[in-house]
Amino acid sequence: MDAGHLNAPQREAVLHEGGPLLVVAGAGSGKTRVITHRIAHLVLERGVDPRHIAALTFTNKAAAEMRGRVARLIKGSGRTAEGGLARQLTMGTFHSLGLTILQRERAALGFPRGFVVYDTADQMGVVRELMRHVRGGEDRRYDARSILTRISLAKNAFRPPEDYQPADGDDYDEVTAEIYPRYQAALRGFAALDFDDLITEPVRLLREHADVRERWASAFSHVLVDEYQDTNRSQLLMVKELVARHGNLCAVGDDDQSIYSWRGADPRHIQDFERDFPGARVVVLDQNYRSTPTILASANAVIRNNTDRRGKELWSTRPDGPPVTAVTAVDPEAEAKFVAQEIARLTGDGRRHRDIAVLYRSNIQSRELEEALRTTRVPYVMVGGQQFYERKEVKDVIAYLRVALSERDEISLRRIINYPARGVGPTTVEKLLHSAHARHTTLWRAVVDGASGGGELRPAQADALAGLVAAISELRAAMDTGDVQSAVRGLIETIDLHGDLRAASTSLTASQRRIDNVEALIRQVTEQQKRKPGREALLEYLRFLSLASDSEEERDDGGDRVLLTTLHGAKGLEFPVVFLIGVEEEILPHARSLMPHANDVSDPDHVSDVSEERRLAYVGLTRAQEMLYVTRCASRRRHGRQVLCTPSRFLLEIPEQLMELRDVAAESREPVHAGELSAFFQKFATTD
DNA sequence: AACTTGTCAATTTTT
DNA sequence: TTGACAAGTT
């Protein structure tokens, strides 16, 4: 492997001998290159067995990409005939490694064989149900997601349910204190783990069982962590356990790009690295290969105003490009129109659509944009949002499989108990739950009893339940023959899923898409069964399926389309042309970061501060390679009221000589400005 | 099960 | 002002 085309710090990171290493990798500084080259170096030059290397990421996509790049490096080295070595690497998300550990050590933990993994939707189901019991009548006043956020933060801080201390006078905290212990007990009762458990339970396991700890502390001789600034406390502890024996940790990240602290990520992990891992070597990658000096200067000028950071300035030897275009529009419609027309102009001059991205703070800002892009006939693709909710049909089939494999999985059972509709209403479910509770048994047992006329149910309901029990028994029997594919097909037939999908869909294409989704699931399951047959393997597969993000299934990168995404969604991406829109106070920085504790229902522990918003702006600015537009509105409707908008403080932090100001409002009418800050801009608008 | 009506909130969402 | 969501109505 040739390390000659790496710069000095990159080379140092790649060749670093052993012990803890932190690579502070600025935006566009070749961070992925360092990780992949380091792995290739370990395998090829140092002869490390790839099975003893673990690389941890936050997304499956990042893991897959990394594996691909390492495979190419190893292949390209000519030192080995086949790229099979890359396949032996442990590369995945924190959660998938946690799940692997739990599956291997299931016995030590005392987890049932058929445990399942609950995703966010499943978790919400649990919380909603508990709320009905705990706060019957007023349960709707509380947002389940907000309670889950609190539970999640508590879990990751290893605060046990019984120790949860509600903040004084915080209603949500008080509800959480009531729900959290019940939630955890319910999960265990359902033989289910949530995402947080996939990290915290392995940590607990490693801490409490010396033999298990020994096994995993020597499983990997080298551990690499990508996006280290996004690790939360429990993930840090997991890493610590994994490298406890040798300290061979290579953490790569950028404290200036930490934008997930609201989810428990702690940017201080980058700052405290030397304290967490004594004797650590720190390498800073600040040469940027992505953006023009002007763009970098703008980004540097903004991030410089954050205090709590390690501190670095990106630099580049690239030739300079055009100034940053700062645009003021009258309102969001005008702003969107400007963006659309500017894109049309650029593509008219030969720029490809796919080289352009429009970034915004909140999804809601995409509305006017989509409208304008459609009008101007600019092809675009939006990432994020919740297009994956269409996967309902897939989740339904999975729920059937889960119930067949694990009868304690109550949330899955409740999902399918009346789907497709079979006349089992809420009242019947309530009765069943009641009888299950009274007899200390599972909902499934109650269903089976009810189906044979056991409970206080009417014949119609008993019949309906019998239908469900028959479908599940049939599914189980079919699965036991080993032919999972026909088992699932049989199930779909029995419950007439296609019929229901056709009836529920508004159009033929919509129902066909859903049927195709189900078919895709069947194909995947069949594929998996070929590799590793049996119930146990299917269960394992279903668990990993809960972790599989939906985006990786169908992200067609092929089309030549403008990308629309939130700033969070843009992390890790780069584009020749970037539009950052809505650069206004209350939008970026978001209003909620400006009012410290006022009714902050969703995020108790996280002190909302502007520094994370500044990092978001920084992430946005550093996505641009050649051309950067920052746009804002003079006025917009807010909660129905037309209000004047103040330019973002971040905009004012960019040195004026780096910008070219354009006021698209000036053409039609006198520009509308508000507050003192805009006086600054007015001055430039007139000199423009 | 499909409708209407009322209430409430209004970021970001890797797993 | 919109919109999502859920309870109440037919």
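Just so we're aligned, residue 86 is where the first sequence starts under our numbering, counting upward by one.
We put the CB at the ideal spot given by N, CA and C, even for glycine.
Fair warning: this is a prediction, and the values are worked out from it, not measured in the lab.
(1) Which same chain residues, not among the five before or five after residue 269, have their C-beta less than 6 Å away from its C-beta?
(2) Please report the straight-line C-alpha distance between residue 554 and residue 497, rounded to a whole angstrom.
(3) Considering just the uninterrupted stretch of the beta strand (DSSP E) at residue 308, what are its terminal residues?
(4) Whether or not the region 272-286 and the region 197-210 are in contact is what I'm after, with contact meaning three or more pairs of Cβ atoms, one per stretch, closer than 8 Å; do they touch?
(5) Alpha carbon to alpha carbon, how far is residue 579 from residue 556?
(6) Specify, as a first and last residue, the run of the alpha helix (DSSP H) that residue 661 falls within.
(7) Give the secondary structure of residue 357 by DSSP, where H, G and I count as helix, E and B as strand, and everything else as coil.
(8) Go ahead and label residue 592 buried or exposed: buried means 16 or more other beta carbons lie within 10 angstroms of its beta carbon, across all protein chains shown.
(9) At the level of alpha carbons, what is the spacing between residue 195 and residue 290?
(10) Are the CB atoms of residue 412 and residue 443 within a distance shorter than 8 Å?
(11) Near residue 439, what residues of its chain come up, given a Cβ to Cβ distance below 7 Å and the 5 sequence neighbours on each side ignored?
(12) Mind checking which residues open and close the alpha helix (DSSP H) that includes residue 488?
(13) May I ask you to list the residues that DSSP assigns as paired with residue 720?
(14) Could you tell me which residues DSSP puts in a beta bridge with residue 337?
(15) Round the Cβ separation of residue 673 and residue 702 to the nearest angstrom and send it over; I've been treating them as touching at under 8 Å.
(16) Look at residue 611 and residue 546 and say whether their C-beta atoms are less than 8 Å apart.
(17) Which of the three DSSP states is assigned to residue 372 in this structure?
(18) Counting only runs of 4+ residues fully inside the region 406-470, write out the alpha helix (DSSP H) ranges in chain order.
(19) For the region 219-293, list the beta strand (DSSP E) runs that are entirely contained and at least 3 residues long, ordered along the chain.
(20) Would you call the region 137-149 in contact with the region 93-112, where contact means no fewer than 3 C-beta pairs closer than 8 Å?
(21) Which partner residues does residue 669 have in the DSSP bridge list?
(22) For residue 538, which three-state DSSP category applies?
(23) Quick one: residues in its chain with C-beta nearer than 7 Å to the C-beta of residue 428, no 5 flanking neighbours on either side, listed in chain order?
(24) Express the C-alpha separation of residue 295 and residue 105 in angstroms, rounding to a whole number.
(25) So the candidates are 577, 452 and 432; which of them puts its Cα closest to the Cα of residue 501?
(26) If you drop the 5 nearest sequence neighbours on each side, which residues of the same chain put their C-beta closer than 8 Å to that of residue 409?
(27) Nearest to residue 300 by CA position, among 287, 613, 680 and 341, is which residue?
(28) What's the gap between the Cα of residue 129 and the Cα of residue 306?
(29) Could you give the residue range of the alpha helix (DSSP H) that holds residue 626?
(30) Would residue 260 pass as a contact of residue 227 if the rule is Cβ separation under 8 Å?
(31) What residue range is occupied by the uninterrupted alpha helix (DSSP H) comprising residue 151?
(32) If you check the beta carbons only, do residue 283 and residue 180 fall under 8 Å apart?
(33) Please state whether DSSP places residue 747 in a helix, a strand or coil.
(34) What's the C-alpha gap between residue 725 and residue 449?
(35) Within the chosen definition, does the region 323-330 reach the region 147-155 through at least 3 CB pairs nearer than 8 Å?
(36) Assuming residue 653 and residue 344 form a contact by the criterion Cβ under 8 Å, report the distance between their Cβ atoms to the nearest whole angstrom.
The relevant details are as follows:
(1) 246
(2) 14 Å
(3) 307-310
(4) yes
(5) 6 Å
(6) Here residue 661 belongs to no alpha helix (DSSP H); instead the beta strand (DSSP E) covers 660-665.
(7) coil
(8) exposed
(9) 11 Å
(10) no
(11) 645 and 646
(12) 477-490
(13) 729
(14) 108
(15) 6 Å
(16) no
(17) strand
(18) 417-433 and 451-460
(19) 277-279
(20) no
(21) 732
(22) coil
(23) 441, 463 and 647
(24) 23 Å
(25) 577
(26) 379, 380, 383, 713, 714, 715, 739, 743, 744 and 745
(27) 287
(28) 15 Å
(29) 620-632
(30) yes
(31) 145-161
(32) yes
(33) strand
(34) 14 Å
(35) no
(36) 6 Å
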